[in-house]
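For the sequence shown, UniProt numbering gives the first residue as 1, with consecutive numbering after it. Notes for the one structure printed next.
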Amino acid sequence: MKSMRKVCELDIELSEEERDLLTTGYKNVMEAKRVSLRVISSIEKMEDSKGNDQNVKLIKGQQEMVKYEFFNVCNDILSLIDSHLIPSTTTNVESIVLFNRVKGDYFRYMAEFGSDAERKENADNSLDAYKVAMEMAENSLAPTNMVRLGLALNFSIFNYEIHKSIESACKLVKKAYDEAIAELDGLDKNICEESMYIIEMLKYNLSMWTSGDGDGCFSLSEAIERTYKSGFKRSGLRPVTIDLKDGTVVNFWVSKTKPESKPKPNLLLIHGLGATAIWQWYDVARRLSRYFNLYIPDLVFFGGSSTTRPERSDIFQAQTLMRALEAQSVKKFSLVGLSYGGFVGYRMASMYADAVEKVVICCAAVCVEEKDMKAGVFKVSDLDEASKILVPESVKKLRELMGYIFYKPALARLVPTCLLHDFIEHALTRDNMEEKRELIKAIPKDRIISEIPKLKQPTLIIWGEHDQVFPLEMGKRLEKHVGDNGKLVIIKRTGHIFNFEKPKKFIKLLKSFLLETSKPQIPVSNV
Numbered sequence: 001m002k003s004m005r006k007v008c009e010l011d012i013e014l015s016e017e018e019r020d021l022l023t024t025g026y027k028n029v030m031e032a033k034r035v036s037l038r039v040i041s042s043i044e045k046m047e048d049s050k051g052n053d054q055n056v057k058l059i060k061g062q063q064e065m066v067k068y069e070f071f072n073v074c075n076d077i078l079s080l081i082d083s084h085l086i087p088s089t090t091t092n093v094e095s096i097v098l099f100n101r102v103k104g105d106y107f108r109y110m111a112e113f114g115s116d117a118e119r120k121e122n123a124d125n126s127l128d129a130y131k132v133a134m135e136m137a138e139n140s141l142a143p144t145n146m147v148r149l150g151l152a153l154n155f156s157i158f159n160y161e162i163h164k165s166i167e168s169a170c171k172l173v174k175k176a177y178d179e180a181i182a183e184l185d186g187l188d189k190n191i192c193e194e195s196m197y198i199i200e201m202l203k204y205n206l207s208m209w210t211s212g213d214g215d216g217c218f219s220l221s222e223a224i225e226r227t228y229k230s231g232f233k234r235s236g237l238r239p240v241t242i243d244l245k246d247g248t249v250v251n252f253w254v255s256k257t258k259p260e261s262k263p264k265p266n267l268l269l270i271h272g273l274g275a276t277a278i279w280q281w282y283d284v285a286r287r288l289s290r291y292f293n294l295y296i297p298d299l300v301f302f303g304g305s306s307t308t309r310p311e312r313s314d315i316f317q318a319q320t321l322m323r324a325l326e327a328q329s330v331k332k333f334s335l336v337g338l339s340y341g342g343f344v345g346y347r348m349a350s351m352y353a354d355a356v357e358k359v360v361i362c363c364a365a366v367c368v369e370e371k372d373m374k375a376g377v378f379k380v381s382d383l384d385e386a387s388k389i390l391v392p393e394s395v396k397k398l399r400e401l402m403g404y405i406f407y408k409p410a411l412a413r414l415v416p417t418c419l420l421h422d423f424i425e426h427a428l429t430r431d432n433m434e435e436k437r438e439l440i441k442a443i444p445k446d447r448i449i450s451e452i453p454k455l456k457q458p459t460l461i462i463w464g465e466h467d468q469v470f471p472l473e474m475g476k477r478l479e480k481h482v483g484d485n486g487k488l489v490i491i492k493r494t495g496h497i498f499n500f501e502k503p504k505k506f507i508k509l510l511k512s513f514l515l516e517t518s519k520p521q522i523p524v525s526n527v
């Protein structure tokens with residue numbers, strides 16, 4: 001942010017790439033604080049309902065501190081827009097529309113918090129900025145233009161959430177939707193796909209607001225998922241659906257490639273159990289999209305990926321992903337498999353050795369044997385019970401799962417029940433729960449180490465020091481099995497979800513290993 005501020009203060013017209021980098025950087029910082037304020041507010045209400053006055057006092061103090069930081073970020077970018085960005089933009093109407101839309105957005109964010117007087121002032125400023133942007137957009141930009149569509153989406157949310165005018169919100173959305181749909185025929189395919197993403201969001205909001213389901217209840221999980229999807233788009237990713245014509249459909253997020261750009265290596269990111277791919281790979285995708293063509297699937301039974309076939313094994317998942325990649329003309333790639341995705345990734349590397357170049361296995365007990373369950377290697381020895389914890393459908397089971405996956409499991413007790421319930425409903429979802437449990441039960445079935453193939457590719461194995469789902473001993477066993485081609489790296493003071501607990505360290509390991517062009521320099525074994 002400091003570097004971007006210096007660029008803005010040069011009073012030069014920003015390129016599209018610089019403009020997107022600026023807005024993305026500020027949005028990421030602001031959104032983290034905005035979500036924190038919402039979580040703190042939920043916890044405050046919960047403690048207040050219990051009559052815990054001392055806790056409420058402490059929470060309010062923390063809330064004021066975060067609010068101060070939040071408003072500073074918002075006011076910083078608003079100052080840059082008014083003092084430097086708009087005055088310096090003389091030729092690009094799209095940029096002027098975008099900057100005014102961003103003004104409207106940040107005043108809208110501030111209107112969510114603060115006193116009644118502050119709320120009204122920020123809401124009025126937001127409305128003024130949106131009106132200026134909308135007038136310019138309708139006069140100068142095509143109905144399918146991404147900036148114009150994004151403006152319509154955000155302005156409608158302002159009408160719905162801040163002005164509480166469902167009629168105005170729906171009218172604005174319907175107008176933008178109808179005009180864009182009318183212009184789609186004959187558009188360049190890539191432009192059409194980019195536009196369709198926002199058009200679908202407009203359609204979804206219109207449906208929700210007119211169906212009676214949009215009752216104003218805030219879903220933190222839905223808000224986070226919208227942020228993640230937007231972040232994926234800003235990182236150059238687009239959603240695609242691959243129909244394998246056998247009853248199997250796989251959803252991907254894939255990098256948009258430009259004909260004139262320098263070729264980048266392909267990287268497949270395979271998620272684990274839990275929420276969909278965007279939840280598990282958000283930070284990694286943002287950091288690695290500049291170095292790789294990313295392919296980020298939702299495994300079968302997650303997200304919109306599905307099958308009518310009866311198979312539930314990691315072999316089937318591996319075959320499905322390979323067929324989906326071949327359908328996209330991907331011939332060579334490296335892969336990163338997280339937890340259950342590590343089982344699938346290992347299978348892909350062994351079955352398609354000529355296609356897979358490098359392998360990263362994260363906290364996946366690939367060398368587990370069927371007898372390990374009865375031998376007490378794991379915290380939960382009953383496979384049925386383990387599957388109910390790993391695929392939770394109740395708040396009680398989700399808290400139990402959080403106790404196993406975090407390095408500091410006590411944090412699980414601090415999360416309000418309402419937020420956990422919201423996460424189950426909107427992030428984990430209740431779809432395909434039995435099928436997901438069948439995936440878990442299929443892992444150790446008839447599994448013995450001697451029949452697990454050894455990989456030929458350079459293999460990095462990453463493990464959390466205090467993993468309670470798959471104990472560290474499983475990582476050491478895998479390193480021994482892989483032999484000279486593999487190296488185990490232990491991330492200290494983390495549990496099973498080290499990708500969330502220490503994301504920067506995780507991403508640094510991935511970059512170091514995957515971007516090495518000569519013989520990979522596998523990092524030291526403890527970090």
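All residues carry an ideal CB built from backbone N, CA and C; glycine is no exception. Here the structure is a predicted model, which is why all the values come from computation and not from measurement.
Residue nearest to D243 within the set A324, V254 and I224 is A324 (criterion: CA-CA distance).
Spatial neighbours of R34 in its own chain (CB-CB distance under 7 angstroms, excluding positions within 5 residues in sequence) are listed in chain order as F70 and Y109. In this structure, DSSP gives Y407 a state outside helix and strand, which the three-state scheme calls coil. Of L273, L510, S313 and K45, the smallest CA-CA separation from D446 is found for S313. At a Cβ-Cβ threshold of 8 angstroms, L237 and L267 do not count as neighbours. For V360, the pairing in a beta bridge is given by DSSP as V336 and L460. In the three-state scheme derived from DSSP, where H, G and I count as helix and E and B as strand, K487 is classed as strand. Under the three-state reduction of DSSP, R309 is assigned to coil, being neither helix nor strand. In this structure, the beta-carbon distance from C363 to L478 does not fall below 8 angstroms.
DSSP places R287 inside the alpha helix (DSSP H), whose first and last residues are A277 to L288.
Taking C-alpha positions only, K6 is separated from L85 by approximately 12 angstroms. For L269, the enclosing beta strand (DSSP E) starts and ends at N266 to I270. Within the DSSP bridge table, the entry for D243 names V249 as partners. Secondary structure of P143 (DSSP, three-state): coil. K358 and K374 have their C-alpha atoms roughly 34 angstroms apart. A410 counts as exposed, since fewer than 16 other beta carbons sit within 10 angstroms of its beta carbon. Counting the other CB atoms within 10 Å of its CB gives L58 a total below 16, which places it among the exposed residues. With contacts defined by Cβ atoms closer than 8 angstroms, A318 and R347 form a contacting pair.
For the set A129, D178, N205 and E135, the Cα lying nearest the Cα of E161 is the one of N205. Runs of the alpha helix (DSSP H) lying entirely within the region 360 to 405, each at least 4 residues long, are 370 to 374, 383 to 390 and 395 to 405 in chain order.
At a Cβ-Cβ threshold of 8 angstroms, V300 and F333 do not count as neighbours.
Distance from the CA of S49 to the CA of P263, rounded to the nearest whole angstrom, comes to 57 angstroms. If you look at I440, you'll find it in the alpha helix (DSSP H) that goes M433 to A442.
In this structure, the alpha-carbon of H421 lies about 16 angstroms from that of M433. Relative to the Cα of V249, the nearest Cα in the group L515, G304 and K256 belongs to G304.
Distance from the CA atom of V97 to the CA atom of S140, rounded to whole angstroms, is 9 angstroms. Annotated three-state conformation of N52 is coil, per DSSP. Classified as exposed, G483 has fewer than 16 neighbouring CB atoms from the shown chains inside 10 Å of its CB. Boundaries for P416: no alpha helix (DSSP H) harbours it, and the DSSP string shows neither H nor E there. The three-state reading of DSSP puts P87 in helix, counting H, G and I together. Straight-line measurement puts the Cα of E13 at about 15 angstroms from the Cα of N100. For the pair Y26 and D467, the Cα-to-Cα distance works out to about 34 angstroms. With respect to the C-alpha of C8, the residue from S221, S88, V73 and G61 having the closest C-alpha is S88. A contact between stretches requires three or more CB pairs, one per stretch, nearer than 8 angstroms, and the region 438 to 455 meets this requirement with the region 385 to 398. In this structure, I507 and D283 form a Cβ contact; the two beta carbons are roughly 7 angstroms apart against a cut-off of 8 angstroms. Straight-line spacing of the CA atoms in V102 and L401 works out to 39 angstroms.
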